[in-house]
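Please read the structure below before turning to the comments.
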């Protein structure tokens, strides 16, 4: 959230990597000559049949007629945004066998590699190939390996590259047969909205499908998956199948699971449809100062902006009303407190929001954690508030190198924040309202990138809110991600979505409700939240932030998510009838804009 007008703060997450960083992720091997009995087991390695047999991310690959190294066709890979134009193919191989992978490439840089070898996965790359250059590496398959994935890709932010005459030479694989039915299906974790499943791996399987009540609801590359978007206190039946190039097995024996009772913030008594807004209480800007008593009745949750730390790492949070010199019409402390009580008497919730654009908060020590709890408690008690809004931005949250699993974070700033909030929740009880307002960079971007990444070249803040949300999901009243001041974000359809229209809000909100694999890892799935825990965050006017969405487009987004109409090209993964509502920056900017945002909310939901 910003004190001033719009500022785009979406970082260049993965700028073009230096040669040193790229080299750190590459493994180059010199391959021996293939034996006379060996054959090329790759399919359509010259791309003469287009992309037949190949799968390319986000539509990034295409067969072209020029340039080519031989025959009439080659692969053109075009990185875009946060996509590196990866094209891959599953190839049948024999166990305990030596294979040589080779391809001719042109462009800068280009990677070639193989995964799922059962031994050591390999890759090689060229930093610059102005003319056609051959890349070669080799590997030995494991004792039970019957399929490997070979791939090629470029690098983020670089021009298009070309690949031709790709071969995988070694013993010919046995004919692919439909895999056996998976055994050992079991539940490993159950929440109010998700069920985690695992099963025994099946030899020869390249993937698995998960069925709920006979309907396919998820796919996985390994023997585990999490089904999200479920209803609390409800029994479900699950089955799983194994797949490969030959087809799909029969369904496994069923396992049943009953979701837990809904939590999410306790008895907070919010209305079924809630309108959340930030009130500029400690500062003024072009929108003008609005007294608490003058906040319109449309607003159900009023977040006081902002409580800020005495220093970035102190954890000592302070809040005071806007100085008279800056806000001539500011009320007195006594009037402010009386107005809060009046709002609460009419059913409204008033929270202290910590952070904002200028309030960097890093709880890097237990001392800072304890100071945070003490100082936030003092603010809540002084003004008689209903709870806390976490609006950590900038460099407040980031993941240390090696902190790769959102389910068990190790970075002190993450661990201490979780601990502090749990302490506050325990102190104030079930009626304590907890909300969060992260940016898309810290949440939905986690679908592609998490922390510094496998090679250490990514922004360590990517997805950094996910462990906080996950650890506090049973205490969380509302998550309202800021769907503005954002760059394009990839949705669950593996397409990029840009702010400013209904499509962005549909895709970003659906991700929160359906859940998603973090950094593409299907064994680490962020479970979806309950719809009543989610609101859509938008700017109230064009002056309030980049990505303003017109009322007509806001209504389209609500129609799609709640009613599954007006969805455009994006297909949601559920009909989210209990979606809680909308959040905006800010009450002041909405009032400056003649109440357009709140009036549209009231009109849509019939308030």
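Numbering (my numbering), first residue to last: 279 to 885. Cβ coordinates follow ideal geometry from the N, Cα and C atoms, glycine included.
I'd like the list of long-range same chain contacts for residue i, defined as Cβ closer than 7 Å, with 5 residues on each side in sequence excluded.
| i | result |
| --- | --- |
| residue 440 | 345, 352, 353, 354, 383, 384 and 385 |
| residue 851 | 507, 770, 788 and 792 |
| residue 531 | 463 |
| residue 875 | 818, 862 and 868 |
| residue 368 | 425, 427, 484 and 523 |
| residue 501 | 476, 477, 478, 479 and 486 |
| residue 588 | 594 and 596 |
Classify residue i as helix, strand or coil using the three-state DSSP reduction.
| i | result |
| --- | --- |
| residue 433 | coil |
| residue 801 | strand |
| residue 239 | Absent from the structure is residue 239, since the part of the chain shown begins at 279 and ends at 885. |
| residue 748 | helix |
| residue 773 | coil |
| residue 874 | helix |
| residue 697 | helix |
| residue 868 | helix |
| residue 300 | Residue confidence for residue 300 is low, a pLDDT of 30 falling below 50, so the modelled location carries little weight; the figure read from the coordinates is stated next. Looking at residue 300 - three-state DSSP - the assignment turns out to be helix. |
| residue 627 | strand |
| residue 833 | helix |
| residue 817 | strand |
| residue 334 | strand |
| residue 796 | strand |
| residue 481 | coil |
Could you compute how far the alpha carbon of residue i sits from the alpha carbon of residue j?
| i | j | result |
| --- | --- | --- |
| residue 371 | residue 864 | 59 Å |
| residue 629 | residue 811 | 16 Å |
| residue 832 | residue 319 | 52 Å |
| residue 702 | residue 491 | 40 Å |
| residue 716 | residue 632 | 12 Å |
| residue 765 | residue 727 | 14 Å |
| residue 684 | residue 586 | 27 Å |
| residue 741 | residue 719 | 6 Å |
| residue 843 | residue 853 | 10 Å |
| residue 436 | residue 361 | 10 Å |
| residue 509 | residue 564 | 44 Å |
| residue 429 | residue 480 | 23 Å |
| residue 671 | residue 279 | 8 Å |
| residue 471 | residue 806 | 7 Å |
| residue 677 | residue 722 | 16 Å |
| residue 375 | residue 324 | 24 Å |
| residue 489 | residue 547 | 35 Å |
| residue 839 | residue 877 | 20 Å |
| residue 688 | residue 465 | 26 Å |
| residue 590 | residue 433 | 35 Å |
| residue 657 | residue 387 | 54 Å |
| residue 650 | residue 641 | 8 Å |
| residue 444 | residue 772 | 26 Å |
So, residue i versus residue j, is the Cβ gap smaller than 8 Å?
| i | j | result |
| --- | --- | --- |
| residue 339 | residue 329 | yes |
| residue 692 | residue 745 | yes |
| residue 835 | residue 784 | yes |
| residue 868 | residue 818 | yes |
| residue 514 | residue 498 | no |
| residue 483 | residue 522 | yes |
| residue 862 | residue 625 | no |
| residue 712 | residue 759 | no |
| residue 552 | residue 579 | yes |
| residue 455 | residue 349 | no |
| residue 754 | residue 813 | no |
| residue 762 | residue 825 | yes |
| residue 378 | residue 414 | yes |
| residue 561 | residue 526 | no |
| residue 448 | residue 316 | yes |
In chain order, what residues of the same chain have a beta carbon less than 6 Å from the beta carbon of residue i, not counting five sequence neighbours either side?
| i | result |
| --- | --- |
| residue 438 | 354 and 356 |
| residue 714 | 668 and 757 |
| residue 512 | 537 |
| residue 774 | 359, 766 and 768 |
| residue 504 | 472, 474, 803 and 805 |
| residue 571 | 617 |
Could you check whether the Cβ of residue i sits closer than 8 Å to any Cβ belonging to chain C?
| i | result |
| --- | --- |
| residue 686 | Considering every chain present, this structure includes no chain C. It has just one protein chain. |
* Pick out the complete beta strand (DSSP E) segments inside the stretch 648-672, 3 residues or longer, and give them in chain order. => DSSP runs (the beta strand (DSSP E)) wholly in the stretch 648-672: 665-669.
* Tell me the start and end of each unbroken beta strand (DSSP E) in the stretch 350-395 that is at least 3 residues and wholly inside, in chain order. => Within the stretch 350-395, the complete beta strand (DSSP E) runs of at least 3 residues are 352-355, 365-370, 376-385 and 388-393.
* Asked: Can you list the beta strand (DSSP E) stretches of 3 or more residues lying completely in the stretch 400-464, in chain order?
  -> Every unbroken stretch of the beta strand (DSSP E) spanning 3 or more residues and falling wholly within the stretch 400-464 is given here in chain order: 400-404, 407-418, 425-431 and 439-448.
* **beta strand (DSSP E) runs wholly inside the stretch 589-646, at least 3 long, in chain order** => As far as the stretch 589-646 is concerned, its whole beta strand (DSSP E) runs of at least 3 residues are 627-633.
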